[in-house]
Amino acid sequence: MRGDVAGQRARNAEAPKVPNLLPRILSLFHAHRLALSVTVVLVLVAAALSVVPPLLTQRAFDEGLFPPGGEPNVPRLAALVGLMMAIYVLSALLGVWQTWLTANVGNKVMGDMRVRLFTHLQSMELNFFTKTKTGVIQSRLQNDVGGVANVLTNTVSSVLGNVVTVLAAFVAMVLLNWQLTIVAVILMPVLVIAQRRVGQVRARIAAKTQESLSDMTAITQESLSVSGILLSKSFTQQPTEIARYARENGNQIRLQVSQTMSGQWFFVMVNIFLSSIPAIVYLVAGALMSSGTTDVTPGTIVAFTTVQARLLFPLMGLLRVVLDLQTSSALFARIFEYLDFTPAIADKPTARSVPTSGDAAGRVEFDGVTFAYPDATDESPPTLNNVSFRIEPGQFAAFVGPSGAGKTTVSYLIPRFYEASSGSVRFSGIDVRDLTQQSLVSRIGIVSQETYLFHATIAENLRYARPEATDDELEVAARAANIHDTIASFPARYDTVVGERGYRLSGGEKQRIAIARVLLKDPPVLILDEATSALDSISEHVVQQALDAASHGRTTIAIAHRLSTVVSADVIFVVDGGRIVEHGTHEQLLARGATYAKLYSRQITASPAPSLAGGAGTESQPGED
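Take the sequence shown: its position 603, counted from the start at 1, is 603 in full-length UniProt numbering, and no numbers get skipped.
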């Protein structure tokens, strides 16, 4: 279900705060210490050089233009000007090198963070993804990580460079004239206090902005996917979707404007203050010169105002960086919140691989398994209640029963997509909790009702199971899945692009490609979760032939709605209300006349015998349904 935007925003608001952000942010740069060290040296040198020209300006005035003798000293002036030009060139070159280093480090840190977050999300249990919108997850990876890019790229050099420049400028101002320095910095504490206040406001707006971006990404992902477009067109709900997107877009515009404008008056105040200082300095210097209390020369005044002018941009930059850090704290908190999620299902330190040989290899057992989904209430009955069974290696077992009985849940617990609440699930004679998840899942092949194919070629979709598979191996798997002839009829054959989620193929074609993909994996245990229930009778017949071939020689567990597909099973388990109420062969269960017999009789009465006229040749070609 979609879930409304307000509900999502409420959940976001309840998200735990992540403490100690600064140490964690700094730790992101640990792997780039050498580049950072070089950057620090470059910043220190550049910052130190930036205050030298104003001091040289004082000498140019007092020793070159207006020396004590009265006549300009051209050789001295030329030397000072040449030195200033050399410093400008050197500073520019150092700036280019510094920019290259910081851009590399910042973008690598951002990339590392994005990959780290993606890797961590891959380790999360299935339940995390069933209760979280895909668009929200995408927003964390794209919008949140992208939102801190500027901070990661420029913060170190900006903070260090501006701090050093401000300190150097302050020292130079004191050396030039301490009285004028007091005039220039007297209101600085007020600016710092105001900046902190503005930063807190911007951080709150930034958090709301990212939440809104998450909502917009979720709406886009839901509405513009193939499934979403089909749904909106089927119910003529395009105006509703447009209105929903426009409403959230309007909210995003409002937040972006608020974020841009927050602090503008603060910077106006800072700019007015810093821009007015030279005029005030002239006034104070004139008063000091007229009173004779200090030795202020014209060169001192020019040099002082030059240094003060150089103080303006670093100080403004430092204030902006601090504001950006405060603003980005909300984004970092959202990123670290996801990184701090602990997977509910993880390998034990002592976990071992699934044994590939032995009498128990491929055996599946449930021993007193009870299971309730994590979001179930205490009052709700468990989905599975004290379930026990054994499926021997090579056996074909089927689970049948009414909808909601717990059949699919059984298929989730075997590969440990969910953890049993009590009891034990054993695979090849070992509790699945004592096995590594990778080795467990590698021994299981799953064909579900909802086939997922990537927007790629048929060959690429097949090789998802085994990337190193040869073309001949692809063809063998496709023939076994009864899909090779269909693929061969396409103009591009195995290079045919299937479209998003395989929408260019028919349901039967998608299912048989999924079966071929599993066959390429060649697992000893095969789980078929209602793999034909969504197909028409003709497609079902073709797919069922492929499934029969795929299950040969494997432990096969079929979750079935249509009982006609499992009448040949070695054992049929009837699930009802979370319990196995009976089991046996098709003939044994019919003879008992209990739950299975009633279900079978109801389906036979309700469904006419399928017509196989036309065979597989009636299936669609790419682009048809």
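Note that the Cβ used here is the ideal one computed from N, Cα and C, for glycine as well. Model, not experiment: these values are computed from the prediction.
On the DSSP letters alone, give me the boundaries of the beta strand (DSSP E) that T556 sits inside.
It spans 555-559 - the beta strand (DSSP E) in which T556 sits, taken as one unbroken run.
Could you tell me whether the Cβ atoms of F371 and A420 are closer together than 8 angstroms?
Yes, Cβ-Cβ distance for F371 and A420 is below 8 angstroms.
Which residues bound the alpha helix (DSSP H) around V566?
That residue, V566, is in no alpha helix (DSSP H); it is neither H nor E in DSSP.
If you draw a straight line from the C-alpha of T377 to the C-alpha of T383, how long is it?
Taking the straight line joining both Cα atoms gives about 12 angstroms.
Just the Cα atoms here: how many angstroms apart are A594 and D576?
Approximately 12 angstroms, taken between the alpha carbons.
Determine whether the beta carbon atoms of M110 and V136 lie at a separation below 8 angstroms.
Not closer than 8 angstroms, so no.
Which parts of the segment 448-488 are runs of the alpha helix (DSSP H), unbroken and 4 residues or longer, counting only runs that do not cross its ends?
Runs found: 458-462, 471-480, 484-488.
Assess, as a yes-or-no matter, whether the segment 116-126 is touched by the segment 96-107 under the definition of 3 or more beta carbon pairs within less than 8 angstroms.
The segment 96-107, when compared against the segment 116-126, does not touch it at the 8 angstroms Cβ threshold.
State the Cα-Cα distance for the pair M289 and G299, rounded to the nearest angstrom.
Cα-Cα distance, rounded: 13 angstroms.
Taking 8 angstroms as the threshold (C-beta atoms), are A309 and L176 in contact?
In this structure, A309 does not lie closer than 8 angstroms to L176 by Cβ.
Taking a contact to mean a Cβ-Cβ separation below 8 angstroms, would you say I446 touches V364 in this structure?
For I446 and V364, no; Cβs fall outside 8 angstroms.
Out of S422, N104, N482, R517, point me to the one whose CA is closest to E468's CA.
That would be R517, whose Cα lies nearest to the Cα of E468.
Note down, in chain order, each residue of its chain lying with its Cβ closer than 6 angstroms to the Cβ of F417, except the 5 sequence neighbours on either side.
Cβ within range, chain order: L126.
If you check the beta carbons only, do I527 and V400 fall under 8 angstroms apart?
The answer is no: Cβ separation not under 8 angstroms.
Report the CB separation of V307 from V51 in whole angstroms; it is logged as a contact under 8 angstroms.
Yes, V307 and V51 are in contact; Cβ-Cβ is about 6 angstroms, under 8 angstroms.
Measure the C-alpha to C-alpha separation of Y494 and S506 and round it to an integer number of angstroms.
Their Cα atoms are separated by approximately 16 angstroms.
Can we say the segment 266-285 touches the segment 22-29, given the rule of at least three CB pairs closer than 8 angstroms?
Cβ pair count under 8 angstroms is below three, so no.
Tell me, to the nearest whole angstrom, how far the beta carbon of V81 is from that of A48; I am working on the premise that it is less than 8 angstroms.
That belief does not hold up - the Cβ atoms of V81 and A48 are roughly 20 angstroms apart, past 8 angstroms.
Can you tell me whether M261 is buried or exposed? The criterion is at least 16 other CB atoms within 10 Å of its CB, across all chains shown.
Exposed: under 16 other Cβ atoms inside 10 Å.
Is the beta carbon of S403 sitting closer than 8 angstroms to the one on D367?
No. Outside cutoff.
Looking at I515 and A560, is the spacing between their C-beta atoms short of 8 angstroms?
Contact flag unset, no.
Looking at C-alpha atoms only, which residue of N107, R390, Q395, L435 is the closest neighbour of D410?
Rather than Asp, the amino acid found at residue 410 in this sequence is Val. Per the Cα distances, R390.
By alpha-carbon positions, which one of T327, E392, T342 ends up nearest to D570?
Looking at the Cα atoms, E392 is the closest of the given residues.
For V45, which residues in the same chain have their Cβ closer than 7 angstroms to its Cβ, ignoring the five residues on either side in sequence?
Excluding positions up to five away in sequence, the list reads L94.
What's the C-alpha gap between A531 and Q449?
Approximately 4 angstroms between the Cα atoms of the pair.
What residues are listed by DSSP as bridge partners for G584?
G584 pairs with I572.
Taking a contact to mean a Cβ-Cβ separation below 8 angstroms, would you say N482 touches R463 in this structure?
Not in contact: N482 and R463 (Cβ atoms no closer than 8 angstroms).
Measure the beta-carbon distance from A206 to A333 and round it to whole angstroms, keeping in mind my assumption that it falls under 8 angstroms.
With a Cβ gap of about 10 angstroms, A206 and A333 do not count as contacting.
Determine the burial state of residue 651: buried for a count of at least 16 other Cβ atoms within 10 Å of its Cβ, exposed for fewer.
Beyond the ends of the chain as shown, which are 1 and 625, falls residue 651; an answer cannot be given.
Spatial neighbours of T605 within its chain, please: CB distance less than 8 angstroms, with the 5 preceding and 5 following residues excluded, ordered by chain position.
So the list is empty, once near-sequence residues are dropped.
Measuring straight from C-alpha to C-alpha, what distance separates Q259 and R202?
Their backbone Cα atoms lie some 6 angstroms apart in a straight line.
Where does the unbroken beta strand (DSSP E) through D529 begin, and where does it stop?
Where D529 is concerned, the enclosing beta strand (DSSP E) stretches over 525-529.
Residue range of the beta strand (DSSP E) that A398 falls in?
Element bounds for A398: 396-400.
Is V174 close to the ligand MG? I mean its beta-carbon at under 7 angstroms from any heavy atom of the ligand.
You won't find the ligand MG in this model; it holds no ligand whatsoever.
Where A169 and I253 are concerned, what is the direct C-alpha to C-alpha distance, given to the nearest angstrom?
Roughly 40 angstroms separates the two Cα atoms.
Can you tell me which of the three DSSP states T605 falls into?
If DSSP states are grouped into helix, strand and coil, T605 belongs with the helices.
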